[in-house]
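Colleague: Numbering (my numbering), first residue to last: 263 to 574.
In this text, a Cβ means the ideal position worked out from N, Cα and C, and glycines have one as well.
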Amino acid sequence: MPSVMTPKVSVIGAGNVGAEAARGLAARQLADVVLLDIVEGVPQGKALDMLQAGPIVGYDSLVTGSNDYKDIAGSDIVIVTAGLARKPGMSRDDLLKKNAQIISSVAQNIKQHAPNSIILTVTNPLDTMTYLAWKASGFVPEKVVGMAPLLDLARMAAFIAIELNVPLTSVSAMVLGTHGDLMVPVPSQTKVSGKPITELLPQAKIDAIVERTKNGGAEIVAHLKTGSAYYAPAAAAVRMAEAILKDKKELIPSSVLAQGQYGLNDLYIGLPAKLGKGGAEQIVEIELTKAEEAALKRSAEAIKANNQKCVK
Ligand code: APR
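Have a look at this one:
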């Protein structure tokens, strides 16, 4: 079968998020996909299954499974989902040490085998893992970007849509900061069909939605009992990959290296960024309220504390 897609995206980790991201990339005909895992057989089996969905769904993307990093050569983007997922009662921080080792070794492999790619991290705790991927790969900061604020804002948008009984797509929400309990939902920049939610909902309702957004991941973990969310996380990774592959210059909050923006330095944190073929090409500074600014600082402190536990 000929490869008809020019772009190539590799997905490291063929678990729930990785497989769903691979499926999303293929189904949208965005790229040929290599799915890679340390477990033998799983990426091969899932890739073959996805390939066989092509004639039914109507896509020509070539999906292959592998356990060998040589197969990621020539990737435009490498999406990193390898690691452990959060289980009930396990905080994101519990994952820190284990996933730090995994990410560092994955990033070194990407450096060796796909040195011209853009790394898109998904593994949690997200901001620290993205920082470690940047350090271990030696890539320029623009070419290492983390997925999470888009997921968090989508969760906030969904809760607002339910509350106001409006279409999901009519809500444009904003969440910055860390992907964790100290995330920074930004109601002042959150709108429904262009109207600020601060004019549409009483403060108590907004506060409740903000709280539910902060617990968005844990709410799903509590339902699932084993494993954590993957449809929306994978959809967010695919959407970011699309913005990069198509050079859209789309403003998507992402985990990016702060270099003075918002008064922050030397950490990956969720900020509005323009995504294009260069990766996170530009961090955009938007107006925040004093309370939102303070929350962003608290987020940054929490991320830095995590980073320090991992970087010797
Ligand atoms: N190299 C490659 N793959 C690895 C490695 C490694 N060193 N270590 C683990 N993996 C693989 C596992 O074999 C597994 O298939 O990563 C996959 C993880 O899949 P799941 O356990 O299903 O986890 P998932 O739900 O996909 O979440 C992955 O994304 O959203 C985050 O918090 C989540 O950090 C977690 C990550």
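Looking at ligand 1, does it come within less than 7 angstroms of residue 477, judged from the CB to the closest heavy atom?
Modeller: no
Colleague: Answer with buried or exposed for residue 378, where buried requires no fewer than 16 other C-beta atoms within 10 angstroms of its C-beta.
Modeller: Residue 378 comes out exposed.
Colleague: Contact defined as beta carbons within less than 8 angstroms: I believe residue 389 pairs with residue 326. What is the distance between those atoms, to the nearest angstrom?
Modeller: Going by Cβ atoms, the distance from residue 389 to residue 326 rounds to 31 angstroms, so no, they are not a contact pair.
Colleague: Given a threshold of 16 other Cβ atoms within 10 Å of its Cβ, counted over all protein chains shown, does residue 571 qualify as buried or as exposed?
Modeller: exposed
Colleague: Considering only C-alpha positions, which residue in the set 507, 286, 564 and 357 is nearest to residue 538?
Modeller: Scanning 507, 286, 564 and 357 for the CA closest to the CA of residue 538 turns up 507.
Colleague: Could you give the DSSP three-state label for residue 512: helix, strand or coil?
Modeller: strand
Colleague: In angstroms, rounded to a whole number, what distance separates the CA positions of residue 366 and residue 499?
Modeller: 20 angstroms
Colleague: Would you call the segment 544-554 and the segment 407-418 in contact, with 3 or more CB pairs under 8 angstroms?
Modeller: No, they do not touch.
Colleague: Let me make sure I understand the geometry here. Which of 376, 433 and 518 has the alpha-carbon closest to that of residue 460?
Modeller: 433
Colleague: Under 7 angstroms from any heavy atom of ligand 1, does the C-beta of residue 367 make it?
Modeller: yes
Colleague: In angstroms, rounded to a whole number, what distance separates the CA positions of residue 468 and residue 424?
Modeller: 13 angstroms
Colleague: Let's see if you can read the secondary structure: which residues bound the beta strand (DSSP E) around residue 359?
Modeller: Element bounds for residue 359: not the beta strand (DSSP E) but the alpha helix (DSSP H), 358-375.
Colleague: Determine, using beta carbons only, whether residue 387 and residue 527 come nearer to each other than 8 angstroms.
Modeller: no
Colleague: Take the Cβ of residue 487 as the centre, count every other Cβ of all protein chains shown within 10 Å, and call the residue buried at 16 or more, exposed below.
Modeller: exposed
Colleague: Assign residue 504 to one of three DSSP states: helix, strand, or coil.
Modeller: helix
Colleague: I need the DSSP call for residue 479, collapsed to helix, strand or coil.
Modeller: helix
Colleague: I need the straight-line Cα distance from residue 431 to residue 457, nearest angstrom please.
Modeller: 14 angstroms
Colleague: Going by C-alpha to C-alpha distance, which of 565, 512 and 566 sits closest to residue 546?
Modeller: 512
Colleague: Please check the pair residue 490 and residue 479, which I expect to be a contact at CB under 8 angstroms, by giving their CB distance rounded to whole angstroms.
Modeller: Rounded, the Cβ-Cβ distance is 6 angstroms, consistent with contact.
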